[in-house]
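I have placed the structure first, in the form of structure tokens, so that the comments after it can refer back to it.
Residue numbers (UniProt numbering): 1 to 341.
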């Protein structure tokens, strides 16, 4: 019997985002009482999205908190047994106390970890990390290792093809923030377990009214979107191939990490490891009317394996393969009226 049967109280930061909203929905379904944070409680569309979820009226409490002022999360964390830190700063605020998103992300994880320790009730902190922090690229830039696993850390001194200032900032912030938050899971903070889930590119359906950015990246070879295709290729150049995962599996993995009796440390969270050319080939085969551009089929072929089974060894089971992820991405975009799909 899961912990949810005891009416456990949990906190989700970034509750109105792509992953956050789906996670809140699943937690409510399982019987948890959820404290969800949003940047602005006057944002009617985000507030109404969360309040419309089944059981939200009985077991969802919304809090206003901004990652650029992380002390605001303290009230949301108070009294919770588990905290999911999903929120991440993506756009820099000029009048902020921090010089960039990386500094803000690091300050955010430190403050949230300190709030967890201060609460006296939080048993475990789960951080939504990213595979961009786990590149198997060798430190000297001479190529990739044979596989990608939890021992891999992105060498931030290297430059990567297809990058830009925003992608570089995202990689820096996710890598340094994950390292920082993992330091709170050591023995000096007895009583607090820290789990980081380095998630692959997330696809599938969404609760949001618009197509999430990561879903747009998945379907960029159908929409011929140059900006999203650059992001797809950047992931491939950074990681060798593209680790992918379905939104439902991502959120199930997060919940698995609080329902496990004891879990601590870093876990890669991806069901498949594919090339951009393999994705394009699938679209060419199953959606010929879109006439996939020849250059999309011409991507690099690398023999790199996804060398991690840590999450599976703990008992987690992925339900969605690459085909299911791609099909759900197309459905998601179509229901939101994306041009041409």
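We put the CB at the ideal spot given by N, CA and C, even for glycine.
None of the values given here were measured: they were computed from a predicted structure.
{"Query": "Which runs of the beta strand (DSSP E), 3 residues or longer, sit entirely within the segment 260-309?", "Result": "265-269, 272-274"}
{"Query": "Would you please state the rounded distance, in angstroms, between the beta carbons of residue 49 and residue 76? I believe it to be under 8 Å.", "Result": "With a Cβ gap of about 18 Å, residue 49 and residue 76 do not count as contacting."}
{"Query": "Please confirm if the segment 113-125 is in contact with the segment 190-203, defined as three or more CB-CB distances below 8 Å between the two stretches.", "Result": "yes"}
{"Query": "Taking C-alpha atoms, which residue in 68, 203, 208, 87 lies nearest to residue 247?", "Result": "203"}
{"Query": "DSSP beta-bridge partners for residue 97?", "Result": "Beta-bridge pairing links residue 97 to no other residue."}
{"Query": "Once DSSP output is grouped into helix, strand and coil, what is the label at residue 85?", "Result": "strand"}
{"Query": "Can you check the segment 94-180 for any alpha helix (DSSP H) of at least 4 residues that lies completely inside it and give the ranges in chain order?", "Result": "101-119"}
{"Query": "Should residue 178 be labelled buried (16 or more other beta-carbon atoms within 10 Å of its own) or exposed?", "Result": "buried"}
{"Query": "Do residue 322 and residue 255 have their C-beta atoms within less than 9 Å of each other?", "Result": "no"}
{"Query": "Within 10 Å of its beta-carbon, does residue 226 have 16 or more other beta-carbons around it, so buried, or fewer, so exposed?", "Result": "exposed"}
{"Query": "Answer yes or no: do residue 132 and residue 171 have a C-beta to C-beta separation smaller than 9 Å?", "Result": "yes"}
{"Query": "Hey, quick one: how far does the beta strand (DSSP E) through residue 226 stretch, first residue to last?", "Result": "Taken as a continuous stretch (DSSP letters only), residue 226 belongs to no beta strand (DSSP E), being part of the alpha helix (DSSP H) at 226-239."}
{"Query": "Can you tell me which of the three DSSP states residue 242 falls into?", "Result": "strand"}
{"Query": "State the DSSP-derived secondary structure class of residue 4, mapped to helix, strand or coil.", "Result": "Low confidence applies here, because residue 4 scores a pLDDT of 43, under 50, leaving its location unreliable; read the following figure in that light. Residue state, collapsed to three classes: helix."}
{"Query": "What's the C-alpha gap between residue 125 and residue 85?", "Result": "7 Å"}
{"Query": "Sort 59, 101, 117, 67 by Cα distance to residue 78 and report the nearest one.", "Result": "117"}
{"Query": "For residue 340, I'd like the list of residues in its chain whose CB is within less than 8 Å of its CB, leaving aside the five on either flank, ordered along the chain.", "Result": "222, 223, 290"}
{"Query": "Tell me the rounded alpha-carbon separation between residue 331 and residue 219.", "Result": "10 Å"}
{"Query": "Once DSSP output is grouped into helix, strand and coil, what is the label at residue 193?", "Result": "strand"}
{"Query": "What did DSSP end up calling residue 58 once you bin it into helix, strand or coil?", "Result": "helix"}
{"Query": "What is the DSSP secondary structure of residue 78, counted as helix, strand or coil?", "Result": "coil"}
{"Query": "Between the beta-carbon of residue 298 and the beta-carbon of residue 211, is there less than 9 Å?", "Result": "no"}
{"Query": "Taking the alpha carbon of residue 81 as the reference point, which residue from 336, 104, 257, 333 has its own alpha carbon closest?", "Result": "257"}
{"Query": "Which residues in the same chain as residue 14 place their Cβ atom closer than 6 Å to its Cβ, once the five residues preceding and following it in sequence are excluded?", "Result": "20, 86, 87"}
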